[in-house]
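Trainee: Residue numbers (the working numbering): -2 to 343.
Note that CB positions come from ideal geometry on N, CA and C, so glycine has one too.
Since the model is a prediction, treat every value here as computed from it, not as a measurement.
Pasting a structure below so you can have a look.
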Amino acid sequence: MRPSMLRSVHSAITRSSGGQVSRRAYSVDSGSGRKVAVLGAAGGIGQPLALLMKLNPLVSHLSLYDIAGTPGVAADVGHINTRSEVKGYMGDENLGAALEGCDVVIIPAGVPRKPGMTRDDLFNINAGIVKSLCTAIAKYCPNALVNMISNPVNSTVPIAAEVFKKAGTYDEKRLFGVTTLDVVRAKTFYAGKANVPVAEVNVPVVGGHAGITILPLFSQATPKANLSDEDIIALTKRTQDGGTEVVEAKAGKGSATLSMAYAGALFADACLKGLNGVPDVVECSYVQSNVTELPFFASKVRLGKNGVEEVLGLGPLSGFEKDGLEKLKPELAASIEKGIKFANQS
Ligand SMILES: NC(=O)c1ccc[n+]([C@@H]2O[C@H](COP(=O)([O-])OP(=O)(O)OC[C@H]3O[C@@H](n4cnc5c(N)ncnc54)[C@H](O)[C@@H]3O)[C@@H](O)[C@H]2O)c1
Ligand SMILES: O=C(O)C[C@H](O)C(=O)O
């Protein structure tokens, strides 16, 4: 590979803290492209996520793995005339080949909720699936950035961390719980209530990814809007219950798939941009953290060439948000503990 192909100069539109838009040059490594795997690629999330990753120009190799159904998905997605070469892998014996050389591994494998269930009700099945997939990641692509979608994320991320620790490959900078859907929802609901253009909205969502552990920080939302306390309470609850809203509307046919695929593709794209040296890539994610006393916590994270470059703090919180933060801690701590215990006893 010629150095000139590896390093090219791009320009980025960046916003200064004063809000002015400027264009600046930065160098990226994008010539050879990236290998991305989707584990659970034949599922409700996996299929549209495979489609969206096929549309991503930063991806050169797209590896679609599932226990069944991937030849069809790969043949279908593979006919799209975009950059990446698509390969389908089916069954445990092909998992290693699917993972070898991956830069980013996205995991939406596992069972979804039905009405009346909590995400924690998925633990018994999904914990084992995540554990075995992460064991293979440690063996075949220990340097990949792992984007964990499988629920309960509050526990599956600690499970992954323990598996990687046991294998001697753990790097806290490379493990992410995908909480982007909470941000996507918070932006949508806020834009509707505040009557502002949704494309301009920013709202950090911190904590975890289940019920009250999802804490949107509407006091930091932009563009600013004059919403009442009742509006903020209602928006917070709707964001926390967003997953349940979809589960109930689907009435037994699963949980969010299309919006999740969109959110998963956004987050994977941010990881790829970070790996490629694009500056100022910041997304919320559930990562190993010192932001609170909890070992894992979702907050804004700056992404870079090694994954997490910086875990950003919470910023100023309203009284309502401070309360929410204290209330979520025991539940999040218990979910983390449950994941760690599972990984170490089985
Ligand atoms: N993080 C989030 O915001 C978020 C949002 C929505 C859904 N989810 C979670 O994502 C997961 C998947 O949801 P879905 O709607 O796509 O479910 P689904 O049942 O439609 O698809 C899951 C896929 O995983 C596959 N699978 C099962 N065991 C596997 C294994 N060992 N290796 C590889 N693949 C395996 C299945 O064959 C299936 O194709 C669920 O746990 C759900 O709760 C998370
Ligand atoms: O709600 C679920 O079970 C799926 C997912 O976590 C979501 O937030 O949509």
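Looking at residue 254 and ligand 3, is the gap between the Cβ and the nearest heavy atom below 6 Å?
Mentor: Annotation note on ligand 3: not contained in the displayed structure, which lists ligand 1 and ligand 2 as its ligands.
Trainee: How about residue 329 and residue 205: are their beta carbons less than 7 Å apart?
Mentor: Yes, Cβ-Cβ distance for residue 329 and residue 205 is below 7 Å.
Trainee: Am I right that residue 61 and residue 35 are in contact with their C-beta atoms under 8 Å? What's the rounded C-beta distance?
Mentor: Confirmed, Cβ separation roughly 6 Å.
Trainee: Less than 6 Å between C-beta atoms, sequence neighbours within five positions excluded: which residues of the same chain meet that for residue 297?
Mentor: Contacts found: 201, 279, 281, 309.
Trainee: Whole angstroms are fine: how far does the CA of residue 274 sit from the CA of residue 25?
Mentor: Bear in mind that the predicted position of residue 25 carries a pLDDT of just 48, short of 50, making it unreliable; the figure below should be weighed with that in mind. Cα to Cα, the separation comes out at about 5 Å.
Trainee: Please confirm if the stretch 108 to 128 is in contact with the stretch 179 to 188, defined as three or more CB-CB distances below 8 Å between the two stretches.
Mentor: The stretch 108 to 128 is not in contact with the stretch 179 to 188.
Trainee: So, helix, strand or coil for residue 121, using DSSP?
Mentor: Three-state DSSP puts residue 121 in a helix.
Trainee: Would you list the one or two residues that DSSP bridges to residue 285?
Mentor: DSSP output for residue 285 lists 293 as bridge partner(s).
Trainee: By DSSP's criteria, residue 142 is part of a beta bridge. Which residues make up the other side?
Mentor: Answer is 101, bridged to residue 142.
Trainee: Quick one: give me the first and last residue of the alpha helix (DSSP H) that residue 339 is part of.
Mentor: It spans 316 to 342 - the alpha helix (DSSP H) in which residue 339 sits, taken as one unbroken run.
Trainee: When you compare each of 188, 134, 183, 323 to residue 172 by their alpha carbons, which one comes out closest?
Mentor: Looking at the Cα atoms, 134 is the closest of the given residues.
Trainee: Excluding five sequence neighbours on each side, which residues of the same chain lie with their C-beta closer than 6 Å to the C-beta of residue 334?
Mentor: Cβ within range, chain order: n/a, list empty.
Trainee: Hey, would you say residue 283 sits closer than 7 Å to residue 108, going by beta carbons?
Mentor: Going by C-beta atoms, residue 283 is not nearer than 7 Å to residue 108.
Trainee: Can you tell me whether DSSP reads residue 259 as helix, strand or coil?
Mentor: Of the three classes helix, strand and coil, the one that applies to residue 259 here is helix, per DSSP.
Trainee: Please name the residue, chosen from 40, 68, 81, 187, that lies closest to residue 57 on a Cα-to-Cα basis.
Mentor: Checked all of 40, 68, 81, 187; the closest Cα to residue 57 is 81.
Trainee: Based on the DSSP secondary-structure assignment, which residues constitute the bridge partners of residue 82?
Mentor: The partner list for residue 82 (beta bridge, DSSP) reads 58.
Trainee: List, from N- to C-terminal side, the alpha helix (DSSP H) runs of 4 residues or more that fit wholly inside the stretch 214 to 243.
Mentor: Runs found: 226 to 237.
Trainee: Is the stretch 40 to 53 in contact with the stretch 249 to 263, if contact means three or more CB pairs nearer than 8 Å?
Mentor: Verdict: yes, contact present.
Trainee: By alpha-carbon positions, which one of 59, 183, 305 ends up nearest to residue 97?
Mentor: Checking every option, the nearest Cα to that of residue 97 belongs to 59.
Trainee: Rounding to the nearest angstrom, what Cα-Cα distance links residue 11 and residue 276 in this structure?
Mentor: Here residue 11 scores only 37 on pLDDT, less than 50, and its place in the model should not be relied on; the value that follows carries that caveat. Taking the straight line from one Cα to the other gives about 9 Å.
Trainee: Less than 6 Å separating the Cβ of residue 347 from some heavy atom of ligand 2?
Mentor: Shown here, the chain extends from -2 to 343; a query on residue 347 therefore has no answer.
Trainee: Got a sec, what are the start and stop residues for the alpha helix (DSSP H) residue 170 sits in?
Mentor: That residue, residue 170, is in no alpha helix (DSSP H); it is neither H nor E in DSSP.
Trainee: Can you tell me whether residue 223 is buried or exposed, with buried defined as 16 or more other CB within 10 angstroms of its CB?
Mentor: Classification of residue 223: exposed, given that the 10 Å Cβ count is below 16.
Trainee: Ligand 1 and residue 123: does the residue's C-beta get closer than 6 Å to at least one heavy atom of that ligand?
Mentor: True, at least one ligand heavy atom lies under 6 Å from that Cβ.
Trainee: Tell whether a beta-carbon distance below 7 Å holds between residue 233 and residue 213.
Mentor: Yes. Within cutoff.
Trainee: Which residue marks the beginning of the alpha helix (DSSP H) containing residue 157, and which one marks its end?
Mentor: It spans 150 to 164 - the alpha helix (DSSP H) in which residue 157 sits, taken as one unbroken run.
Trainee: Among 246, 326, 129, 39, which has the Cα closest to the Cα of residue 290?
Mentor: The shortest C-alpha separation from residue 290 is found at 326.
Trainee: Check whether the Cβ atoms of residue 159 and residue 340 lie closer than 7 Å to each other.
Mentor: Yes; because the gap between Cβ atoms is below 7 Å, this pair is in contact.
Trainee: Quick one: does the C-beta of residue 50 sit closer than 6 Å to a heavy atom of ligand 1?
Mentor: Checking every heavy atom of ligand 1 against the Cβ of residue 50, none is found closer than 6 Å.
Trainee: Does the beta-carbon distance from residue 144 to residue 175 come in below 7 Å?
Mentor: Taking 7 Å as the Cβ cut-off, residue 144 and residue 175 qualify as a contacting pair.
Trainee: Here's the rule I'm using: 16 or more other beta-carbon atoms within 10 Å means buried, otherwise exposed. How should residue 63 be labelled?
Mentor: Classification of residue 63: buried, given that the 10 Å Cβ count is 16 or more.
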